[in-house]
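Written below as structure tokens is the structure these notes are about.
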Amino acid sequence: MANYVLTLALKTELWQEHILEKRLNIARMIYNSCLSEILKRHRKMINSSEYKGISNLDKKEQSKRYKELDKKY
Numbered sequence: 169m170a171n172y173v174l175t176l177a178l179k180t181e182l183w184q185e186h187i188l189e190k191r192l193n194i195a196r197m198i199y200n201s202c203l204s205e206i207l208k209r210h211r212k213m214i215n216s217s218e219y220k221g222i223s224n225l226d227k228k229e230q231s232k233r234y235k236e237l238d239k240k241y
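In my numbering, each residue's number is its place in the sequence shown (first place is 1) plus 168.
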């Protein structure tokens, strides 16, 4: 399956470029903050004794317990 990208120049004035730059920077900071929080919670969950103990259970019970842990973290 082929993927193509078309890049077009955006005709903006200088003040518009400044606004876009600020907004994109804010969006990047929000994204990075959310990603950092998610990764922190994931590491905390992976290192918990509850998570490590689930691997010994059967598949249905594992699924149920993983969902419970997901809600907790």
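All C-beta atoms, glycine included, are put in the ideal place defined by N, C-alpha and C.
Model, not experiment: these values are computed from the prediction.
**Asked** Looking at M213 and L192, is the spacing between their C-beta atoms short of 7 Å?
**Response** no
**Request:** Measure the C-alpha to C-alpha separation of E229 and R209 and round it to an integer number of angstroms.
**Result:** Each residue's alpha carbon lies about 22 Å from the other.
**Request:** Output the distance between the C-alpha atoms of W183 and K227, rounded to the nearest integer angstrom.
**Result:** 58 Å
**Prompt:** Taking the continuous alpha helix (DSSP H) assigned at D226, which residues delimit it?
**Reply:** Unbroken run through D226: none, as it is neither H nor E.
**Item:** R233 beta carbon less than 7 Å from that of I222
**Value:** yes
**Message:** I need the DSSP call for E185, collapsed to helix, strand or coil.
**Reply:** helix
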